[in-house]
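Colleague:
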Amino acid sequence: MAHYGFIGSGLMGLPMATNLLKAGHQLTVWNRSKEKCAPLLEAGATFVDTPLEVVIAAEVTFSMLADPQAALAVCFSPSGVIQAVAPGKAYVEMSTIDPETSSKIGISIQARGALFLEAPVSGSVPQAEAGELVIMCAGDHELYVALEEALNILGKKHLYLGEVGAAASMKLGVNQLMGSMMASFCEVLTLLEEAGLDAQDFLDIIGAGALAAPMFTAKGKKILARDRTPQFPLKHQQKDLRLALQLGDVHRVPMPVAAAANELFKRAYQYGLEDDDVSALFVSLHPAGRKPIM
Ligand code: NAP
48 MAHYGFIGSG LMGLPMATNL LKAGHQLTVW NRSKEKCAPL LEAGATFVDT
98 PLEVVIAAEV TFSMLADPQA ALAVCFSPSG VIQAVAPGKA YVEMSTIDPE
148 TSSKIGISIQ ARGALFLEAP VSGSVPQAEA GELVIMCAGD HELYVALEEA
198 LNILGKKHLY LGEVGAAASM KLGVNQLMGS MMASFCEVLT LLEEAGLDAQ
248 DFLDIIGAGA LAAPMFTAKG KKILARDRTP QFPLKHQQKD LRLALQLGDV
298 HRVPMPVAAA ANELFKRAYQ YGLEDDDVSA LFVSLHPAGR KPIM
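First residue of the sequence shown: 48, per our numbering; consecutive thereafter.
(1) Specify the secondary structure class of residue 148 as computed by DSSP and reduced to three states.
(2) So who's on the other strand from residue 75, going by DSSP bridges?
(3) Which same chain residues, not among the five before or five after residue 141, have their C-beta less than 7 Å away from its C-beta?
(4) Can you tell me whether residue 143 sits near the ligand NAP, meaning its C-beta is under 7 Å from at least one heavy atom of the ligand?
(5) Leaving aside the five residues before and after residue 269 along the sequence, list all residues of the same chain whose C-beta is less than 7 Å from its C-beta, in chain order.
(6) Taking 8 Å as the cut-off, does the region 66–82 touch the region 132–141 (at least 3 CB pairs, one atom from each stretch)?
(7) What are the partner residues of residue 122, as DSSP defines its beta bridges?
(8) Since residue 234 and residue 282 are thought to touch, with beta carbons under 8 Å apart, how far apart are those beta carbons, to the nearest angstrom?
(9) Between 291, 194, 85 and 308, which lies nearest to residue 163 when the distance is taken from Cα to Cα?
(10) Output yes or no for whether 8 Å exceeds the beta carbon distance between residue 277 and residue 58.
(11) Measure the C-alpha to C-alpha separation of residue 196 and residue 185 and round it to an integer number of angstroms.
(12) Give the secondary structure of residue 205 by DSSP, where H, G and I count as helix, E and B as strand, and everything else as coil.
(13) Is the beta carbon of residue 288 sitting closer than 8 Å to the one on residue 223?
(14) Check whether the Cβ of residue 320 sits closer than 7 Å to any heavy atom of the ligand NAP, and report yes or no.
(15) Excluding the 5 residues flanking residue 237 on each side, which residues of the same chain have their C-beta closer than 7 Å to its C-beta?
(16) Give a single yes or no on whether residue 102 has its beta carbon closer than 7 Å to a heavy atom of the ligand NAP.
(17) Could you pull out every residue in the same chain whose Cβ sits closer than 8 Å to the Cβ of residue 170, ignoring the five residues on either side in sequence?
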């Protein structure tokens, strides 16, 4: 039995931490809003008051946080992770963040003699619950090897991609594709509904051919049911497109498709959809979802 720490009990962090507990590991947790840790505490986890105390308690601390700002705050605040990392400790950053932020965190952890792995994931809440995430890893290889069992608890597949920054960049590529696909998917569904066609027929047709994809099945079902309950919050998809576009700037790669998708997701904020599921983009495109201006 290992003693793990888990920081961040949001939509993804909660089921991931739950799976570590269920596998019999000791767990110390912290979340900015303590109440979200309640199910973990009922299942036997210990809550501490700061990220620093998580690292003191645990051998390996995982974090699953909203964005680069959250990841930096948890690491570098006066009661942050960096204050407690030392030889014998390890930190695993699983949030979707940009490679620059991940490197800043990784370098600071490693400079204090601890091990660091960035390990963003592909898959949403159902896959987190089922322990079927795909985990992209980069950083200290000895930590990647040592975490084999934990990675198998959290995911169905994990890969080692090299130096810190590689996994963060790969994850942004995955979500650049997802954001572009979601934007196009919502646009097509709107067009077909407006043209008087049955959206379910469209889902059946693409589901039976080369365009079949679990994402279209899952998100199509939510859109048709007008179910905006968040699994992957729209604001995180927009954040990922923004970070992917920043990476495009760094490498001077033109990304007009991702840029167009990003604009659509930004506009969805104007409809108050940011905390809804990513598939709620449909609402901002569909005439019925648009609020009258006058
Ligand atoms: P979420 O439900 O919005 O949870 C975000 C977490 O970050 C919460 O624990 C939140 O704390 C914490 N947080 C936000 N700002 C903070 C700050 N300034 N200081 C400390 N903690 C802060 O998001 P999620 O869906 O679990 O996603 C977490 C990460 O995984 C994101 O990077 C996301 O892009 C990525 N991801 C999500 C999915 C998905 O399908 N949901 C899939 C793959 C990857 P509070 O509870 O106090 O707000």
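For every residue, glycine included, the Cβ atom is placed at its ideal position computed from N, Cα and C. This structure is a prediction, so every number in the text was calculated from the model and none was measured.
Modeller: From the atom records:
(1) Start at 1 with the first residue of the sequence shown, and residue 148 comes out as number 101. Three-state result, residue 148: helix.
(2) By one-based count along the sequence shown, residue 75 stands at place 28. In the DSSP output, where bridge partners are listed per residue, residue 75 has 52 and 93.
(3) Translated into positions along the sequence shown, residue 141 becomes position 94. Once the five neighbours on either side are set aside, the close Cβ partners of residue 141 are 109, 110, 111, 166, 167 and 168.
(4) Taking the sequence shown and counting its residues from 1, the one referred to as residue 143 is at position 96. Yes, the ligand NAP has a heavy atom inside 7 Å of this Cβ.
(5) By one-based count along the sequence shown, residue 269 stands at place 222. 324 and 326, listed in sequence order.
(6) no
(7) Locating residue 122 in the sequence shown gives position 75, where the first residue counts as 1. None; residue 122 has no bridge partner.
(8) Along the sequence shown, read from residue 1 onward, the residue named residue 234 stands at position 187. Along the sequence shown, read from residue 1 onward, the residue named residue 282 stands at position 235. No, residue 234 and residue 282 are not in contact; Cβ-Cβ is about 20 Å, not under 8 Å.
(9) As a first step, residue 163 is located in the sequence shown; it is residue number 116 there, counting from the start. When each option's Cα is compared against that of residue 163, the closest is 194.
(10) Taking the first residue of the sequence shown as 1, we reach residue 277 at position 230. Taking the first residue of the sequence shown as 1, we reach residue 58 at position 11. Cβ atoms of residue 277 and residue 58: closer than 8 Å.
(11) Sequence index remark: in the sequence shown, residue 196 carries index 149 (1-based). Sequence index remark: in the sequence shown, residue 185 carries index 138 (1-based). Between residue 196 and residue 185, the C-alpha separation is close to 17 Å.
(12) Taking the first residue of the sequence shown as 1, we reach residue 205 at position 158. Of the three classes helix, strand and coil, the one that applies to residue 205 here is strand, per DSSP.
(13) Locating residue 288 in the sequence shown gives position 241, counting from the first residue. Locating residue 223 in the sequence shown gives position 176, counting from the first residue. Yes, these two residues count as a Cβ contact at 8 Å.
(14) Counting from 1 along the sequence shown, the entry for residue 320 is found at position 273. No, since every heavy atom of the ligand NAP falls outside the 7 Å radius drawn around the Cβ of residue 320.
(15) Taking the sequence shown and counting its residues from 1, the one referred to as residue 237 is at position 190. Counting only Cβ-Cβ distances below 7 Å, and skipping sequence neighbours, we find 329, 332 and 333.
(16) Mapped onto the sequence shown, residue 102 falls at position 55. Outside the cutoff, so no.
(17) Reading the sequence shown from its first residue, position 123 is the one you call residue 170. Around residue 170: 179, 180, 181 and 202.
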